[in-house]
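Asks: 1152 is the number of the first residue of the sequence shown in the working numbering; add one for each residue after it. Don't be surprised by glycine CBs; every beta carbon is placed ideally from N, CA and C. These figures come from a predicted structure and were not determined experimentally. Below is a structure I'd like to ask you about.
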Amino acid sequence: MINNSLLSLIEFITALSILLLVHELGHFLVGKLFRIQAEEFGFGYPPKIIKLFNWKGTDFTINLIPFGAFVRFKGEDDPNVDGGLYKANKWKRLGTLIAGPLMNLLTGVLLFSLVISKTGIPQPDIVEIAGIASGSPAAEAGLKETDIIQGINGKNITGIFQVITLVQENLGKETALTILQDDEIIEIVLIPRIDPPEGEGAIGIIMQNPTKNIGFIGAIPTGGRVALEQGKQLLSIPGMLLRGDVNPQETRMLSPKGIYDVYSQFREDERVIEQDDPSLAVINIAWFFGIISVSLGFSNLLPIPALDGGRILFILPEIFLGKRVPVKYENLIHFIGYSGLLILMGYVFYQDIINPIVLP
1152 MINNSLLSLI EFITALSILL LVHELGHFLV GKLFRIQAEE FGFGYPPKII
1202 KLFNWKGTDF TINLIPFGAF VRFKGEDDPN VDGGLYKANK WKRLGTLIAG
1252 PLMNLLTGVL LFSLVISKTG IPQPDIVEIA GIASGSPAAE AGLKETDIIQ
1302 GINGKNITGI FQVITLVQEN LGKETALTIL QDDEIIEIVL IPRIDPPEGE
1352 GAIGIIMQNP TKNIGFIGAI PTGGRVALEQ GKQLLSIPGM LLRGDVNPQE
1402 TRMLSPKGIY DVYSQFREDE RVIEQDDPSL AVINIAWFFG IISVSLGFSN
1452 LLPIPALDGG RILFILPEIF LGKRVPVKYE NLIHFIGYSG LLILMGYVFY
1502 QDIINPIVLP
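Shown next, in the form of structure tokens:
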């Protein structure tokens, strides 16, 4: 039987390789659509082990390092190669470059939508009681799990934060709760505690937003909003660091090794829950790699030389000014950027080895 650590490693390598494959497939398919010749589409990274077949001038190969994929276009950095990437017009190059990150973003949206279709979509304007502390005012007043809080002291409830605010305003006072219980609206009066036991709260309840079942297609808009929010959080980190809103010691870049450390700890914690419901494993893995896929998509669009976003940056003068950056300067900047990225990733990888990340 495969132990949990090995199983987590297999899951991680397989899932991350698929995300990288999807990224390169986006570049490849759009490049083909624009008649840009791809010389090789490789599964894994060189050195090459075997050529599987040739399709429309592209060699499909299996490579030694069993991780991810790559596509090598003809004339990537040479404007003199007919049918190559560099010689293609600006819109074709832009479309081909942006297709990889967009495929990752789309994959993230689909993974989030899959999870939402399985778990349901939260209804933020409905407050449901999910747990009640023994001996608390809520328990003594007759509240039950799955009760819906519709009002407090005559005010309609539209969210969890509103319940918290109104309860805090009425500590030590009789408070009337309008409750939907067993399909019947009732009124329950209780007194929120001024000094409750640690971890229980003033009336001793745990609240949640109940979920509404939704199909996969219907979940896509919500999946898109989740992906957009993930991207906003990712892109806001540099500004938050500069403003001092986030402690630098609480943030760090991660290499694939660091991401695996996070994943293995996440899976170890989740397996306890999944013993009661094995189907949760698929949901948890899909959500985790939805976050990773969206992160890959947005990070590759950053205007950093050697990344897709850096190459897109060099197309902008051509689009807006009608002038192209000379090839020798563009290639030099990409070379410097690529070298810098290798050094940075080497440093990050080293840090992940000597100082492994530990989830709280």
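Could you compute how far the alpha carbon of Leu1493 sits from the alpha carbon of Leu1262?
Replies: Using only the alpha carbons, I get a separation of about 30 Å.
Asks: Does the stretch 1362 to 1369 come close enough to the stretch 1427 to 1447 that 3 or more CB-CB pairs lie under 8 Å?
Replies: With the cut-off at 8 Å, the stretch 1427 to 1447 and the stretch 1362 to 1369 do not touch.
Asks: Quick one: what does DSSP say Ile1368 is sitting in, helix, strand or coil?
Replies: In the structure shown, Ile1368 sits in a helix (DSSP, three-state: H, G or I).
Asks: Quick one: give me the first and last residue of the beta strand (DSSP E) that Glu1338 is part of.
Replies: 1335 to 1341 is the extent of the beta strand (DSSP E) around Glu1338.
Asks: Tell me which residue opens and which closes the alpha helix (DSSP H) that Gln1313 is part of.
Replies: Residues 1311 to 1320.
Asks: Are the CB atoms of Ile1311 and Leu1331 nearer to each other than 7 Å?
Replies: Taking 7 Å as the Cβ cut-off, Ile1311 and Leu1331 do not qualify as a contacting pair.
Asks: With which residues is Leu1302 paired in a DSSP beta bridge?
Replies: The identity of residue 1302 in the sequence shown is Gly, whereas the question assumes Leu. Note: Gly1302 sits in a beta bridge opposite Asn1307, Thr1329.
Asks: How many Å lie between Pro1507 and Tyr1196 at the Cα?
Replies: Their Cα atoms are separated by approximately 25 Å.
Asks: From Gln1359, Leu1215, Ala1250, pick the residue whose C-alpha is nearest to that of Pro1275; which is it?
Replies: For the residues Gln1359, Leu1215, Ala1250, the minimum Cα distance to Pro1275 belongs to Gln1359.
Asks: Please state whether DSSP places Arg1223 in a helix, a strand or coil.
Replies: Reduced to three states, the DSSP call for Arg1223 is strand.
Asks: Using C-beta distances below 6 Å, list every residue in its chain close to Leu1510, excluding the 5 sequence neighbours before and after it, in chain order.
Replies: For Leu1510, where only same-chain residues beyond five positions count, the Cβ hits under 6 Å are Gln1416.
Asks: Strictly by DSSP, which residues pair up with Trp1206?
Replies: DSSP lists Thr1209 as partners of Trp1206.
Asks: Identify the continuous alpha helix (DSSP H) that holds Gln1359 and give its terminal residues.
Replies: Here Gln1359 belongs to no alpha helix (DSSP H); instead the beta strand (DSSP E) covers 1356 to 1359.
Asks: Say whether the stretch 1198 to 1216 touches the stretch 1444 to 1456, bearing in mind that this needs 3 or more beta-carbon pairs closer than 8 Å, one atom from each stretch.
Replies: With a cut-off of 8 Å, the stretch 1444 to 1456 and the stretch 1198 to 1216 do not count as touching, because too few Cβ pairs lie within range.
Asks: Which class does Phe1185 belong to by DSSP, given the choice of helix, strand or coil?
Replies: DSSP places Phe1185 in coil when its eight states are reduced to three.
Asks: Kindly list the residues whose CB is nearer than 7 Å to the CB of Leu1458, restricted to its own chain and excluding five residues on each side of it in sequence; keep chain order.
Replies: Asn1451.
Asks: With a threshold of 16 other CB atoms inside 10 Å of the CB of Met1152, please say whether the residue is buried or exposed.
Replies: Confidence is the limiting factor: at Met1152 the pLDDT is only 44, short of 50, which leaves the residue's position unreliable, though a coordinate-based value still follows. Classification for Met1152: exposed.
Asks: Report the rounded CA-to-CA distance for Lys1225 versus Glu1421, giving the unit in angstroms.
Replies: Approximately 45 Å, taken between the alpha carbons.
Asks: Compute the Euclidean distance between the alpha carbons of Ile1280 and Lys1306, then round it to the nearest angstrom.
Replies: If I take the Cα positions, the gap works out to 18 Å.
Asks: Using DSSP with H/G/I as helix, E/B as strand and the rest coil, what is Ala1281?
Replies: Looking at Ala1281 - three-state DSSP - the assignment turns out to be strand.
Asks: Measure how close the beta-carbons of Leu1167 and Ile1442 come, nearest whole angstrom, since I'm counting them as under 8 Å.
Replies: Their Cβ separation, rounded to whole angstroms, is 12 Å, which puts Leu1167 and Ile1442 out of contact at 8 Å.
Asks: If you compare alpha carbons, which of Asn1482, Leu1172, Asp1229 is closest to Phe1211?
Replies: For the residues Asn1482, Leu1172, Asp1229, the minimum Cα distance to Phe1211 belongs to Leu1172.
Asks: For Glu1349, does the three-state DSSP call read helix, strand or coil?
Replies: The answer is coil: DSSP assigns Glu1349 none of H, G, I, E or B.
Asks: Taking the alpha helix (DSSP H) that Arg1244 belongs to, which residues open and close that run?
Replies: Note, Arg1244: alpha helix (DSSP H), 1241 to 1270.
Asks: Let me make sure I understand the geometry here. Which of Asp1334, Asn1304, Asp1333 has the alpha-carbon closest to that of Asn1321?
Replies: When only C-alpha atoms are compared, the closest one is Asn1304.
Asks: Is Met1496 helix, strand or coil when you go by DSSP?
Replies: In this structure, Met1496 counts as helix in the three-state DSSP scheme.
Asks: Let me know the alpha helix (DSSP H) ranges lying completely inside the stretch 1435 to 1500, each 4 residues or longer, listed in chain order.
Replies: Taking only runs of at least 4 residues, the alpha helix (DSSP H) segments lying wholly in the stretch 1435 to 1500 are 1459 to 1471.
Asks: Contact between the stretch 1239 to 1250 and the stretch 1459 to 1474: three or more CB pairs below 8 Å?
Replies: Enough Cβ pairs lie closer than 8 Å, so yes.
Asks: Pairing CB atoms from the stretch 1370 to 1379 with CB atoms from the stretch 1263 to 1273, are three or more of them under 8 Å?
Replies: Judged by Cβ distances under 8 Å, the stretch 1370 to 1379 makes contact with the stretch 1263 to 1273, as three or more pairs qualify.
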